[in-house]
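**Q** What follows is a structure written as structure tokens; I'll ask about it next.
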Amino acid sequence: MHIKKQDIPMTAPVEMKMEEEDGELEMATMGFLYQDTTVGEVGADGEKVEVTDVPAMTVYSYAWMGPNNSENVAVAKEALTQELAAQKVTAEGFRLLGYNGPSVPKAKRTHELQAILKK
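Under this note's numbering, the residue at position 100 of the sequence shown is numbered 100, and the numbers go up by one with no gaps.
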């Protein structure tokens, strides 16, 4: 509703902030990343929508084509965890990016799990 009401063009990716629970990543929040800071206004838009600027960050990334099910997310997380350990780098969290709309078959969708590095 917010995107239509504000006439904001649909863009990719969609950001899903992930929280770890019992060793597995679960989606905590979802957000749409606008193409630049001139789109939309920062602040609340009703009770459920908050527009914020996402600060620049450094990440390690693992991308795949297919569904964003728990199995694929676990494979991505394990690959990132191994690389972080090899590089002696620590992540402060994870986020999942989705690049396709609902009309794209799940097997053809592109996803990217990012390990957000500590500053």
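For glycine and all other residues, C-beta sits at the position ideal for the given N, C-alpha and C.
Please read all numbers here as calculations on a predicted model, not as lab measurements.
#1: Is the stretch 63-79 close to the stretch 38-46, with three or more CB pairs under 8 Å?
#2: Are Glu127 and Glu26 close, meaning C-beta to C-beta below 7 Å?
#3: DSSP on Val73, reduced to helix/strand/coil?
#4: Can you tell which of Leu96, Glu50, Asp22 has the C-alpha that lies nearest to the C-alpha of Gln6?
#5: How about Ala115 and Leu84: do their beta carbons lie closer than 7 Å?
**A** In short, the structure shows the following:
#1: No, because fewer than three Cβ pairs between the stretch 63-79 and the stretch 38-46 fall closer than 8 Å, the two stretches do not touch.
#2: Only positions 1 to 119 of the chain appear in the structure, and residue 127 is not among them; the question remains open.
#3: Looking at Val73 - three-state DSSP - the assignment turns out to be helix.
#4: Closest option to Gln6, Cα to Cα, is Glu50.
#5: Yes; because the gap between Cβ atoms is below 7 Å, this pair is in contact.
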